[in-house]
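Chains as they are written, first to last, in the numbering used here: chain V, 657 to 1083; chain Z, 657 to 1083; chain C, 54 to 198; chain U, 54 to 198. Don't be surprised by glycine CBs; every beta carbon is placed ideally from N, CA and C. Since the structure comes first, as structure tokens, the remarks are kept for the end.
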Ligand SMILES: Cc1ncc(COP(=O)(O)O)c(C=O)c1O
Ligand SMILES: Cc1ncc(COP(=O)(O)O)c(C=O)c1O
């Protein structure tokens, strides 16, 4: 393990050259929503546009060749980062689309099957019957909850969920998968609670009943080493923009035989094999799921982000965040009137630290922090059911990443105390 | 009208500083696939990342406010460009997703209605019955054909199409819309033939039977003034990357009351109103259709592209392309063995010029052109049925844009002649 | 601090001691509005009176701005007509978009909300109860006809 | 011109005078492969013989590279065994990915396709018929068992 050199890292991020509000230093604690981007990523994207820009997989000219090479090389880099094969990585606009791609595979397979239409070999895995069960958890981001609600609404499948313990963990004792369980969709790390789930434990139970496992890896891939083979899941989805990469790109990884068995989702150019007016046939994955001109520049940018993270070392990144999380948990727990929502220990926990301040609404806490240059997120963090579970209308959330350090934790603590003073609450 | 100053324009596009193959000048005639990007667009995107990057619509801190402002200001700029209201513009990853968004609205409304599930007021417009008809044309890009084939496959609606005349126009005499006609989806300008269709004529007939009209404006918005009110259509879809904007962003415009009546497509964060584990309700458009963290930087880049085009003047852009198209048609028509696929006159025609060379396969023509620095596209251009209609396996296609000039037309002509000489065909 | 423009004493007073909070059992229309980004909620009820004015009651949860704004709404819009109330809502919107100067005759303590205009993300908080009022008022009048 | 490495005389000869083009009526397996980017197509048939070799016939349309490559395939793979043919297909792929040096014993005139490796977009053209052969050969053998 090598500690991160935060000063050196910050120098790579142009945004830290600016100040916020009353000329305050920017203390960016909102990487859980989206991360900042290093020069290396912006340069890679710009270099693509300035030297190799063309529509990929579509032309025989030199620029098109170069663009295609850059795009596919990016796919290979991204695949390697999660221990996958390039052809098993599908590019989407964000993680939300990636999760919808999977849920719509079930919808489309179910509808086409009911109408006796052609489906890829093996598509039965995606055909749902009335009463089949889809299991999520109570800590899901809306992106891994609403698509499954919608799927149930449209197919007659039934949504169930794994509950949470009072200390912010999955209540594994509440699991009752059955032969009706077709999908188990859950998050690797909760974006609100910070909880890191025991993936293998859930996978073992899900696979025992032959259910497919969809992992929302939005808050894990950016923060810790992730290997799809080790995890044993069937699909993982994540976003580029939370891991130093550009906006506008997400990734789906799926087991090859499952991707091959899925009917297409978004259809159009580049995902076809042959097209007649009467009917069409479709290309093999990943192309089958990448209709239209893809976000090649963003893929190149994301690959540069991965190079950057690899240079830091994902073990070191995880260790760095772990240390800051520990510090933050310790510091917050001694402010009277502050209550952590989520595990209060750094064990099996990531750097998303949510809290409430007695007598203050999170919006007001966030506002005072902002005035001190500390950027946090307030609200339900697209995980509204978690707020309900813990009886809070909303929380204030700080998240730490590679460019944060101890001084940022101190700024957070000072800001919270200032908010208490401003509103005359706390000690 | 003011003629474009092409030398000045080219100076804004960094890619023209490079050469291709054997140190040749880059003659980029593939803007129909994707356009090149001026410095102004790349700067706008980078400026967003370096100074205002945050997840939009999600934070109370200053960066989040600035990012949201920039994103919504971009939406307003883009709306103004096509004569629309900002709230009626939905951002997607490309035009293909925009067209699928509309086709999936029909699918989702139809399925939810059959199961008696809640739908927005007015959603009947999107509920299909077995035997309802969806009409496209034989000149559609796969992006405006395959989604409708899929919709028919899944709902029992029937796909019909308007045929083409021998000279590359829509055969309006073959139109037979009926009360069963629910959707008429067609392209404003064919990306293969170059044909510009008489939108109002088709709209009048479609609206007479109460069908909804979906216009694929991928090849019109970048090239001519487009006003959604004047066109009278119900939806238009187009891409940012073909109009000097970044990759990874497309737009859907729809009439407000229709967008409001559509159930969601991709679901997740930011598109909801309330979320419970049991069920959720959804936000008003455009948010309802923009699940997940959106491509804000790309929206800002696209707005910069529109500023750039507005500075040139869309009338001037259209006139410039018209002149080059005229030149190219004239020059190609006198090369023996070259046959234009599509209208041979520049009237009601855009700058996509497709052709075949007797005795040569388009791939080989494209290869020799590439060797001369001329970047064209070869193949079926994602409009395979058009190739079948005109009995060619594929075509070579040149497309002109704001940075092309007479010298580029000459380079194309010289390259074609060189290909004929190389393979020993032609005169 | 700029913040003090938004969190004026008068706003904090309304927040800490809200006026008229609590739902009346008797009503012609009830609406429930939420701010989906932060989860602020309000339930608001309207009862039309013989003289054409509208009685309002509400219950809510949310940040200081949304709670103070609801309290001020109660002061200003309880027992006014649809026209008077709508005019006030429109003026509040215009003030927060900085297209109109604060008018104390119309908004009373509400003019103190002007500091919110500096913080676009908070404008929704200030408007939540007022938009709910407008929605409910129109429904209540509609039903009466 | 670099191009001359790809369009060698020998390639253009095969293109202009293709060997063995035309389908045989008698076959155990038929496949139809297309290159979806450009619309190149090939129909290829395989008939297994008593001695374990496979007779091939084909019809195609496409660019010079894909046509020449099919003509060369006919020279090299007509009446060879599945193992011999598969080895040749694999060597061709490796040569086009520049991981193996051209081996004339295996590819015959096919070594002239080495120039295609410079043009990644054309590699698919060169491989189209060979991938079709492999697909059909496996099917034909499978059916024989
Ligand atoms: C006419 C037409 N429609 C649709 C598309 C699809 O656009 P995109 O690939 O950006 O989704 C294109 C371009 O590829 C086009 O030219
Ligand atoms: C756990 C989790 N899942 C899903 C998402 C959705 O990601 P995106 O908005 O990039 O689609 C996020 C982030 O917003 C997240 O934190």
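Do residue i and residue j have their C-beta atoms within less than 8 Å of each other?
i, j, result
"residue 794 of chain V", "residue 838 of chain V", "no"
"residue 849 of chain V", "residue 997 of chain V", "yes"
"residue 900 of chain V", "residue 693 of chain V", "yes"
"residue 1035 of chain Z", "residue 96 of chain U", "no"
"residue 902 of chain Z", "residue 954 of chain Z", "yes"
"residue 884 of chain Z", "residue 867 of chain Z", "no"
"residue 662 of chain V", "residue 1029 of chain V", "no"
"residue 797 of chain V", "residue 843 of chain V", "yes"
"residue 1048 of chain V", "residue 1013 of chain V", "no"
"residue 657 of chain Z", "residue 972 of chain Z", "yes"
"residue 1033 of chain V", "residue 689 of chain V", "yes"
"residue 56 of chain U", "residue 1023 of chain Z", "yes"
"residue 910 of chain Z", "residue 891 of chain Z", "yes"
"residue 912 of chain Z", "residue 696 of chain Z", "no"
"residue 149 of chain C", "residue 180 of chain C", "yes"
"residue 757 of chain V", "residue 768 of chain V", "no"
"residue 800 of chain Z", "residue 791 of chain Z", "no"
"residue 88 of chain C", "residue 109 of chain C", "no"
"residue 952 of chain Z", "residue 729 of chain Z", "no"
"residue 1058 of chain Z", "residue 968 of chain Z", "yes"
Return the Cβ separation of residue i and residue j in integer angstroms, given the expectation that the two are a contact with Cβ distance under 8 Å.
i, j, result
"residue 113 of chain U", "residue 94 of chain U", "6 Å"
"residue 129 of chain U", "residue 163 of chain U", "6 Å"
"residue 916 of chain V", "residue 940 of chain V", "7 Å"
"residue 751 of chain V", "residue 894 of chain V", "5 Å"
"residue 719 of chain V", "residue 1054 of chain V", "Rounded, the Cβ-Cβ distance is 44 Å, inconsistent with contact."
"residue 802 of chain V", "residue 924 of chain Z", "6 Å"
"residue 753 of chain V", "residue 957 of chain Z", "Actually they do not touch by this definition, with Cβ atoms about 20 Å apart."
"residue 834 of chain Z", "residue 859 of chain Z", "Rounded, the Cβ-Cβ distance is 16 Å, inconsistent with contact."
"residue 1010 of chain V", "residue 1052 of chain V", "7 Å"
In the DSSP output, which residue or residues are listed as bridge partners for residue i?
i, result
"residue 93 of chain C", "C:88"
"residue 101 of chain U", "U:107"
"residue 83 of chain C", "C:98"
"residue 995 of chain V", "V:1012"
"residue 745 of chain Z", "Z:909"
"residue 870 of chain Z", "Z:841, Z:891"
"residue 681 of chain V", "V:675"
"residue 75 of chain U", "U:111"
"residue 668 of chain V", "DSSP, once it has assigned bridges, lists no residue as partnering residue 668 of chain V."
"residue 851 of chain Z", "Z:1005"
"residue 949 of chain V", "None; residue 949 of chain V has no bridge partner."
"residue 133 of chain C", "C:107"
With a threshold of 8 Å between beta-carbons, can residue i be considered close to chain B, or not?
i, result
"residue 872 of chain V", "As a matter of chain content, chain B is missing from the structure shown, whose protein chains are V, Z, C and U."
Open item on the list: Closer than 7 Å between beta carbons: that is the criterion. Which residues of the region 940-955 of chain V meet it against chain Z?
Closed with: 947, 948, 949, 951, 952, 953, 954
Task: Inside the region 883-947 of chain V only - alpha helix (DSSP H) runs reaching at least 4 residues - done: 884-887, 912-917
Task: Every unbroken alpha helix (DSSP H) within the region 761-847 of chain Z, with a cutoff of 4 residues, ordered by chain - done: 802-811
TODO: For the region 149-190 of chain U, list the alpha helix (DSSP H) runs that are entirely contained and at least 4 residues long, ordered along the chain.
DONE: 157-160
- [ ] Taking only beta carbons into account, state which residues of the region 78-93 of chain C come closer than 7 Å to chain Z, listed in chain order.
- [x] 87, 89, 90
Open item on the list: If the cut-off is 9 Å on Cβ atoms, which residues from the region 104-129 of chain U count as contacting chain Z, listed in chain order?
Closed with: 114, 115, 116, 117, 118, 119, 120
- [ ] Note down, one range per segment and in chain order, each beta strand (DSSP E) of at least 3 residues found wholly within the region 1013-1076 of chain Z.
- [x] 1033-1035, 1051-1055
TODO: Scan the region 1023-1050 of chain V for residues whose Cβ lies nearer than 8 Å to a Cβ of chain C and list them as they occur along the chain.
DONE: 1023, 1024, 1027, 1034, 1035, 1036, 1040, 1043, 1049, 1050
TODO: Could you please tell me which residues of the region 809-838 of chain Z, in chain order, have their CB closer than 9 Å to any CB of chain V?
DONE: 809, 810, 811, 812, 815, 817
Task: Secondary structure, alpha helix (DSSP H): runs of 4+ residues fully inside the region 706-739 of chain V - done: 718-737
Open item on the list: Please identify, using Cβ separations under 8 Å, the residues of the region 674-692 of chain Z that lie next to chain V, in order along the chain.
Closed with: 674, 676, 677, 682, 684, 686, 689, 690, 692
TODO: Check distances from the C-beta atoms of the region 782-798 of chain Z to those of chain V and list, in chain order, the residues that come in under 7 Å.
DONE: 794, 797, 798
- [ ] Output, in sequence order along the chain, the residues in the region 144-178 of chain C whose CB is closer than 9 Å to any CB in chain Z.
- [x] 172, 173, 174, 175
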